[in-house]
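Participant: This note's numbering applies: residue 25 is where the sequence shown begins, and numbers increase by one.
Each residue gets a CB set at the ideal place from its N, CA and C atoms; glycine is no exception.
Just so you know, these numbers come straight off a predicted model, no measurement behind them.
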Amino acid sequence: MQVVEAHGARIPQIGLGTMTLKGDVCVQAVKAALQMGYRHLDTAAFYGNEVENGEGMRQSGVRREEVFITTKVRENNLMPDAFQRSLDQSLANLRLPYVDLLLIHWNNKDIPFRISIGALCKAKKDGKAKHVGVANFTTRMLDEAWAVTTEPLVCNQIEVHPFINQDKVLEACRKHGMAVVAYVPIARGKVPGAETLERIGRAHGKSAAQVSLRYLIQLGCIPIPRTANPAHMKENIEVFDFSLSDAEMAELRKLNAANMRVVNPPHAPVWDTP
Ligand SMILES: NC(=O)c1ccc[n+]([C@@H]2O[C@H](COP(=O)([O-])OP(=O)(O)OC[C@H]3O[C@@H](n4cnc5c(N)ncnc54)[C@H](OP(=O)(O)O)[C@@H]3O)[C@@H](O)[C@H]2O)c1
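1) State yes or no: is the C-beta of residue 127 nearer than 8 Å to some heavy atom of ligand 1?
2) Report whether the distance from the Cβ of residue 297 to the nearest heavy atom of ligand 1 is below 8 Å.
3) Would you check if the distance between the CB atom of residue 38 and the CB atom of residue 179 is smaller than 9 Å?
4) Let me check you understand the geometry: is the CB of residue 259 closer than 8 Å to at least one non-hydrogen atom of ligand 1?
5) In whole angstroms, what separates the C-alpha of residue 220 from that of residue 295?
6) Please state the DSSP three-state secondary structure of residue 28.
7) Taking residue 207 and residue 41 to be in contact with their CB atoms under 8 Å, please state how far apart those CB atoms are, rounded to whole angstroms.
8) Which first and last residues belong to the beta strand (DSSP E) in which residue 127 is found?
9) Does DSSP put residue 35 in a helix, a strand or coil?
10) Taking the alpha carbon of residue 169 as the point to measure from, which residue in 194, 200 and 150 has its own alpha carbon closest?
11) Consult DSSP for residue 197 and reduce its assignment to one of helix, strand or coil.
12) Which whole runs of the alpha helix (DSSP H) in the segment 136 to 191 are 4 residues long or more, in chain order?
13) Would you give the residue range spanned by the beta strand (DSSP E) that residue 207 belongs to?
14) For residue 189 versus residue 280, is the C-beta spacing smaller than 9 Å?
15) From the DSSP output, which residues share a beta bridge with residue 92?
16) Start and end of the alpha helix (DSSP H) containing residue 228?
17) Rounded to whole angstroms, what's the CA-CA distance from residue 114 to residue 74? Just pull it up for me.
18) Residue 95: buried (16+ other C-beta within 10 angstroms of its C-beta) or exposed?
19) Could you tell me whether the segment 146 to 153 touches the segment 254 to 274, where touching means 3 or more Cβ pairs closer than 8 Å?
20) By Cβ distance below 6 Å, which residues in the same chain neighbour residue 126 in space, the five residues on each side in sequence not counted?
21) Residue 272 lies in the alpha helix (DSSP H); which residues open and close that run?
22) Just to confirm before moving on: does the CB-CB distance between residue 181 and residue 205 stay below 9 Å?
23) CB residue 285 to CB residue 222, shorter than 9 Å?
24) Measuring from the CB of residue 71, is there a heavy atom of ligand 1 at a distance below 8 Å?
25) Quick check on the burial criterion: 16 or more other C-beta atoms within 10 angstroms. Buried or exposed for residue 66?
26) Less than 9 Å separating the beta-carbons of residue 80 and residue 119?
27) Give a single yes or no on whether residue 19 has its beta carbon closer than 8 Å to a heavy atom of ligand 1.
Below is the structure:
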């Protein structure tokens with residue numbers, strides 16, 4: 025599996041998103057994904073499926089060291105004691121001594137970065153996370169977090185797909201040498217059926233979903249599409265055997281003008297504007 029390197033982390037360039045996958049559906053999806061070649065899993069304390077991610081990983085027979093697993097701490101658990109309790113519970117759920125990547129899931133504007141980022145860095149120093157990073161951070165938040173962090177923040181996990189303009193935050197991640205993990209990479213189902221992506225896909229014998237994932241890979245991002253459907257799962261990993269031309273990339277970039285944001289909860293920050 026192709027990897028993206030950032031500050032010493034080597035992150036497999038496709039991951040399995042697992043939000044909303046519950047119970048045995050999640051166990052079977054994780055197991056099937058690892059057995060078909062996935063090496064990167066994305067979960068979170070908030071998703072309520074860390075137990076199932078761990079179980080699927082063990083049932084797959086793939087060695088722990090070969091899997092890159094990410095979990096996240098919620099915005100209401102960013103004070104040091106709560107942070108540590110959340111992380112310890114995540115590790116107990118996963119039945120693992122450490123995760124490969126630990127993220128702040130959403131910032132909490134009432135907690136200074138030196139406290140929340142401090143708690144994140146402590147997790148790395150304690151050996152409970154090999155690498156640490158953030159999610160849903162804007163350009164300003166990245167600059168402020170980098171000003172106080174004692175450990176490299178290896179990634180920013182953010183919404184990226186062809187229908188959103190994320191140029192400013194992508195540039196800020198490049199400036200800080202951070203990997204970009206792209207969530208909702210097929211725009212939560214809005215990619216299949218979209219004319220431009222379907223047409224480009226037909227020219228390569230690929231689906232619209234595969235075109236969106238390939239677009240993200242060529243941007244240097246790490247897409248984490250979510251599915252429990254084995255056919256979709258297989259499709260989503262078969263994106264390393266074709267390339268989009270410069271003209272096709274430019275056409276897909278034009279779709280950014282729609283600037284459609286799928287994920288925008290009440291605790292979201294004031295996003296960068298294009
Ligand atoms: N950090 C954050 O704040 C944050 C926020 C949102 C998401 N995430 C992470 O990102 C992951 C992905 O985001 P998401 O789950 O919201 O959206 P997504 O991956 O863009 O879309 C998932 C939807 O796409 C469909 N799909 C998947 N592969 C397909 C294919 N090859 N062809 C057609 N349809 C396909 C799935 O349906 P089927 O089940 O029928 O395949 C599902 O309905 C999440 O699971 C989570 O791990 C993180």
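Facilitator: On the basis of the supplied data:
1) For ligand 1, at least one heavy atom lies less than 8 Å from the Cβ of residue 127.
2) The closest heavy atom of ligand 1 lies 8 Å or more from the beta carbon of residue 297.
3) Going by C-beta atoms, residue 38 is not nearer than 9 Å to residue 179.
4) Between ligand 1 and residue 259, a heavy atom-to-CB distance of less than 8 Å is present.
5) The alpha-carbon atoms of residue 220 and residue 295 are separated by roughly 27 Å.
6) Correct three-state label for residue 28: strand.
7) In this structure residue 207 touches residue 41 by the C-beta definition: roughly 7 Å separates them, less than 8 Å.
8) First-last of the beta strand (DSSP E) with residue 127: 123 to 128.
9) Residue 35: strand per DSSP, three-state reduction.
10) For residue 169, the nearest C-alpha among the options comes from 200.
11) Helix at residue 197.
12) For the alpha helix (DSSP H) assignment, the uninterrupted runs of no fewer than 4 residues enclosed by the segment 136 to 191 are, from N- to C-terminal side, 137 to 149 and 163 to 172.
13) Per DSSP, residue 207 belongs to the beta strand (DSSP E) from 203 to 207.
14) In this structure, residue 280 lies closer than 9 Å to residue 189 by Cβ.
15) According to DSSP, which records beta bridges pairwise, residue 92 is partnered with 64.
16) Residue 228 -> alpha helix (DSSP H) spans 219 to 228.
17) Between residue 114 and residue 74, the C-alpha separation is close to 7 Å.
18) Residue 95 is buried by the Cβ-count criterion.
19) Contact fails: fewer than three Cβ-Cβ distances are below 8 Å.
20) Excluding residues within five positions, the ones whose Cβ falls inside 6 Å are 147, 153 and 156.
21) Unbroken alpha helix (DSSP H) run through residue 272: 270 to 278.
22) Yes, these two residues count as a Cβ contact at 9 Å.
23) 9 Å or more divides the Cβ of residue 285 from the Cβ of residue 222.
24) Within the cutoff, so yes.
25) Residue 66 comes out buried.
26) No; because the gap between Cβ atoms is not below 9 Å, this pair is not in contact.
27) Outside the modelled stretch of the chain, which goes from 25 to 298, sits residue 19, for which no answer is possible.
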